[in-house]
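The sequence shown maps to residues 167 to 347 in our numbering. A virtual CB, placed ideally from N, CA and C, is assigned to each residue, including glycine. Predicted, not measured: the structure shown is a model, and the values here were computed from it. Here the structure comes first, spelled out in structure tokens, and everything after it is commentary.
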Amino acid sequence: METGKIVLNSARFALTIERLCHQLMEDWGDFSNACIIGIQPRGVMVSNRIVHRLIELTGNAKIDYGKLDITFYRDDFRMEGGPLAPHPNEINFIVANKRVLLIDDVLYTGRTIQAALAALQHYGRPASVELLVLVDRRFNRHLPIQADYIGASVDAVDEAYVRVRWQEIHGEDKILLFDKK
Numbered sequence: 167m168e169t170g171k172i173v174l175n176s177a178r179f180a181l182t183i184e185r186l187c188h189q190l191m192e193d194w195g196d197f198s199n200a201c202i203i204g205i206q207p208r209g210v211m212v213s214n215r216i217v218h219r220l221i222e223l224t225g226n227a228k229i230d231y232g233k234l235d236i237t238f239y240r241d242d243f244r245m246e247g248g249p250l251a252p253h254p255n256e257i258n259f260i261v262a263n264k265r266v267l268l269i270d271d272v273l274y275t276g277r278t279i280q281a282a283l284a285a286l287q288h289y290g291r292p293a294s295v296e297l298l299v300l301v302d303r304r305f306n307r308h309l310p311i312q313a314d315y316i317g318a319s320v321d322a323v324d325e326a327y328v329r330v331r332w333q334e335i336h337g338e339d340k341i342l343l344f345d346k347k
């Protein structure tokens with residue numbers, strides 16, 4: 167079991183998801199002419215929670231929701247050790263002229279988001295794209311990318327790592343910050 171500084175415990179984690187959903191409802195209304203896309207694999211954990219809660223809060227079970235794999239759009243995919251294991255894209259709608267909410271778990275260098283924006287173009291040209299992240303690591307950004315919706319901000323240098331733990335996988339919802347050493 168990894169130990170580290172707790173950024174969000176289970177109660178604060180749930181409150182953060184709830185706050186993000188209420189912010190989205192204020193800004194996006196009923197999500198007409200809009201869609202939500204989670205970045206595979208870890209962004210899908212966040213987007214599943216967000217979409218499920220938005221459906222409960224709005225009563226709109228017709229929110230377009232997709233899951234986007236960016237494996238072959240990354241600028242570092244050939245540097246990984248071993249074979250790549252892409253995830254299936256699950257987008258059964260066109261994003262052309264829609265507002266798109268892109269969701270990921272942790273924003274660090276910005277390279278994942280850059281790859282997601284490139285991959286997203288295969289589904290049409292969106293009217294706009296906004297970004298929601300559960301955790302924004304504010305230092306060490308390589309690209310000029312910033313989130314529109316942030317669950318928690320963490321000031322962590324390169325020697326630190328942010329780990330998101332999920333009830334469904336790890337038995338608890340928690341965000342930890344720990345040293346790589």
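Assigned with DSSP and collapsed to three states, Ser294 falls in strand.
Pro292 sits buried, since 16 or more C-beta atoms from the chains shown fall within 10 Å of its C-beta. The Cβ atoms of Ala284 and Tyr239 sit closer than 8 Å to each other. Taking a cut-off of 8 Å for Cβ pairs, the stretch 218 to 228 and the stretch 302 to 322 do not touch, as fewer than three such pairs fall below it. For the set Thr237, Trp332, Ala322, Gly170, the Cα lying nearest the Cα of Pro252 is the one of Thr237. Proximity of the stretch 259 to 272 to the stretch 295 to 307 meets the contact definition, three or more beta-carbon pairs being nearer than 8 Å. For Ser176, the enclosing alpha helix (DSSP H) stretches over residues 176 to 194.
Straight across, the Cα-Cα distance linking Ser319 with Leu343 is about 11 Å. Positions of the beta strand (DSSP E) runs, each at least 3 residues long and wholly inside the stretch 252 to 276, are given as 265 to 273 in order along the chain. In this structure, Ile172 lies away from Ser213, with their beta-carbon atoms at least 8 Å apart.
In this structure, the beta-carbon distance from Asp235 to Gln280 does not fall below 8 Å. Between the beta-carbon of Tyr327 and that of Asn306 there is about 12 Å, and that puts the pair past the 8 Å contact cut.
Put simply, of Gly195, Asp345, Thr169 the residue whose alpha carbon is nearest the alpha carbon of Asp321 is Asp345. In the DSSP annotation of this structure, the continuous segment of the alpha helix (DSSP H) that includes Ser213 starts and ends at 208 to 224. Sequence-distant partners of Val323 (beyond 5 residues in either direction) whose C-beta falls short of 7 Å from its own C-beta, in its chain, are Phe305.
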